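Protein sequence lines, in the order shown, are assigned to chains A and B.
Read in the numbering used here, the first sequence has 189 at position 158, and its numbers run on one by one without any break.
Read in the numbering used here, the second sequence has 116 at position 85, and its numbers run on one by one without any break.
Just so it is clear, CB atoms sit at the ideal spot from N, CA and C, and this is done for glycine as well.
The structure displayed is predicted, hence computed values, not measured ones.
Scroll down for the structure; my scribbles are underneath it.
There are 2 protein chains.
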Amino acid sequence: MGEPLHVAFASGLSGTWQIDSVTAVVGEGLPEAARLAVVEGWNSEIPPAAVWVVRGVTSHDRYVTRREHDLLAARQPSLGRADASRAALIPLRKSPAWWSLPQDERRSIFEERSHHVGVALEYLPAVARRLHHSRELGEPFDFLTWFEYAPRDAERFDELLRRLRATEEWDYVQREVDIRLAR
Amino acid sequence: MGEPLHVAFASGLSGTWQIDSVTAVVGEGLPEAARLAVVEGWNSEIPPAAVWVVRGVTSHDRYVTRREHDLLAARQPSLGRADASRAALIPLRKSPAWWSLPQDERRSIFEERSHHVGVALEYLPAVARRLHHSRELGEPFDFLTWFEYAPRDAERFDELLRRLRATEEWDYVQREVDIRLAR
Chain A
32 MGEPLHVAFA SGLSGTWQID SVTAVVGEGL PEAARLAVVE GWNSEIPPAA VWVVRGVTSH
92 DRYVTRREHD LLAARQPSLG RADASRAALI PLRKSPAWWS LPQDERRSIF EERSHHVGVA
152 LEYLPAVARR LHHSRELGEP FDFLTWFEYA PRDAERFDEL LRRLRATEEW DYVQREVDIR
212 LAR
Chain B
32 MGEPLHVAFA SGLSGTWQID SVTAVVGEGL PEAARLAVVE GWNSEIPPAA VWVVRGVTSH
92 DRYVTRREHD LLAARQPSLG RADASRAALI PLRKSPAWWS LPQDERRSIF EERSHHVGVA
152 LEYLPAVARR LHHSRELGEP FDFLTWFEYA PRDAERFDEL LRRLRATEEW DYVQREVDIR
212 LAR
């Protein structure tokens, strides 16, 4: 785990990724746009004329144990693989009820009852993932998760999302947008 | 636990609090200044000609269990008590080794071995406390802790800090500044 990395996802007319769809899963969506730029660094320039910009920061693990950490580290691929030409950006906000739970109860819902890590492990190394924390930045979302995968794994990725969205943890999701991209 | 609150601590010529001392406990200190303004809110104005400004965000609990949460909630006083005319601002940065530990090992050092909550509980309700997270803001510190107490409790507050600084958790502190204030 290195230093926190600030990442801005700016939609508009420029950027490496073409936006294929923007779907409101829970609550308010986000406007459609043509392309998405992924801008890393605290003081990086956002492309002009952005339609919307969401920001987050990579950070240390919040729930995983040593054992889970090591399992994930052994299997999870890095971003930017040559064949991973599909991506998803999933901004998500959890409810005040979630944030008022103490750590042990959030952990219990996250893993012992929703098996968040256990389910995700089944989709590695097909799906690369990077989590960005937004709640402490005054953003409208709490998390921005970025996924990359090859076109042949698109159905498995949809299956992963269906399984996570059916968990008790997702009862606490009060806003979720699903943005699909290709390059 | 409400919404995250952004707080800027701006030193300079204005502000409610008079700065009595600025002490480098571990690593680099901060410059001396006359007064400190505590500025709450995401878009609040920082007083002009600030000597230094450190920023943080209140957030949800990261380590405490339900039982510890309830014990703390029952005993901890709010900020702004009429007789709490002394304060301390303690900006602190932990090492990369700390942040690379998984949640269960950080929790274990924090409470099972360093008794952070257990020790702090002994000093309630004398010492009021508010923790601000800075690491995800790209700040030089990871945490800013603000304490308020009455002059009669100043020695007990020093004892609290001595006990915490002697714990295994503090082995991971690589920068700490101790700023004392009065109003």
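Between the C-alpha atoms of A:Leu168 and B:Phe40 there is a straight-line separation of about 17 Å.
For B:Val148, there is no enclosing beta strand (DSSP E); the residue is found in the alpha helix (DSSP H) stretching over His147 to Leu152. Annotated as distal: A:Leu103 and A:Val85, with beta-carbon spacing of 9 Å or more. In the structure shown, the three-state DSSP call for A:Trp177 is strand.
The C-beta of B:Tyr203 comes no closer than 9 Å to any C-beta of chain A. Think of a sphere of 8 Å around the beta carbon of B:Gly111: no beta carbon from chain A falls inside it, the nearest being about 22 Å out. A:Pro133 and A:Leu44 have their C-alpha atoms spaced approximately 42 Å apart. A:Pro156 sits exposed, since fewer than 16 C-beta atoms from the chains shown fall within 10 Å of its C-beta. In the DSSP assignment, B:Glu99 falls within the alpha helix (DSSP H) that extends over Arg97 to Arg106.
By the Cβ neighbour-count rule, A:Ser126 is exposed, with fewer than 16 other Cβ atoms within 10 Å of its own. For B:Glu207, the enclosing beta strand (DSSP E) covers residues Val204 to Ala213. Any Cβ of chain B closer than 9 Å to the Cβ of A:Gln49 would place that residue at the interface, and such an atom is absent.
The beta carbons of B:Glu59 and B:Arg206 sit about 6 Å from each other, so the pair counts as a contact at 8 Å. In summary, A:Arg211 is buried, with 16 or more beta-carbon neighbours lying within 10 Å of its beta-carbon over all protein chains present. Look at the segment 147–170 of chain B: the residues with a C-beta under 8 Å from a C-beta of chain A are His164, Arg166, Glu167, Leu168 and Gly169. One thing to note: B:Ala197 has its Cβ no nearer than 9 Å to the Cβ of B:Phe178.
The C-alpha of A:Ser90 is placed about 12 Å away from the C-alpha of B:Ser165.
Within chain A, no residue has its CB atom less than 7 Å from the CB of B:Arg124, the nearest being about 11 Å off. No Cβ of chain A is located within less than 9 Å of the beta carbon of B:Val70. Beta bridge pairing from DSSP links A:Glu71 with A:Val38. Annotation: the continuous beta strand (DSSP E) that includes A:Trp83 extends over Trp83 to Val88. Interface annotation, B:Ser75: not in contact with chain A, CB-CB separation never under 9 Å. With fewer than 16 other beta carbons inside 10 angstroms of its own, A:Gly149 counts as exposed.
Think of a sphere of 9 Å around the beta carbon of A:Thr96: the chain B residues whose beta carbon falls inside it are Pro133, Gln134, Asp135 and Glu136, in chain order.
Listed in chain order, the non-local C-beta contacts of B:Ile140 below 6 Å within the same chain comprise Glu199 and Glu200, local neighbours out to five positions each way being set aside.
Residue range Arg117 to Lys125 is occupied by the beta strand (DSSP E) that includes A:Pro122.
C-alpha of B:Glu34 to C-alpha of B:Trp73: approximately 12 Å in a straight line. Spanning the alpha carbons of A:Ala185 and B:Ala68 requires a straight line of approximately 52 Å. Among the residues of chain A, those whose CB is under 7 Å from the CB of B:Asp92 are Pro133 and Gln134, following chain order. Comparing alpha carbon positions, the residue from A:Phe172, A:Tyr94 and A:Arg194 closest to A:Ala151 is A:Arg194. Short of 7 Å from the beta carbon of A:Arg93, and not among the five residues preceding or following it, lies no beta carbon of its own chain. For A:Arg66, the closest alpha carbon among the candidates A:Leu120, A:Arg97, A:Ser145 and A:Leu162 is that of A:Leu120. Taking all protein chains in view, the Cβ of B:Arg98 is surrounded by fewer than 16 other Cβ atoms within 10 Å, so the residue is classified as exposed.
In the structure shown, the three-state DSSP call for A:Ile50 is strand. In this structure, B:Trp83 places its C-beta atom within 9 Å of the C-beta atom of B:Ala64.
The beta-carbon of B:Val88 is placed less than 9 Å from the nearest beta-carbon of chain A.
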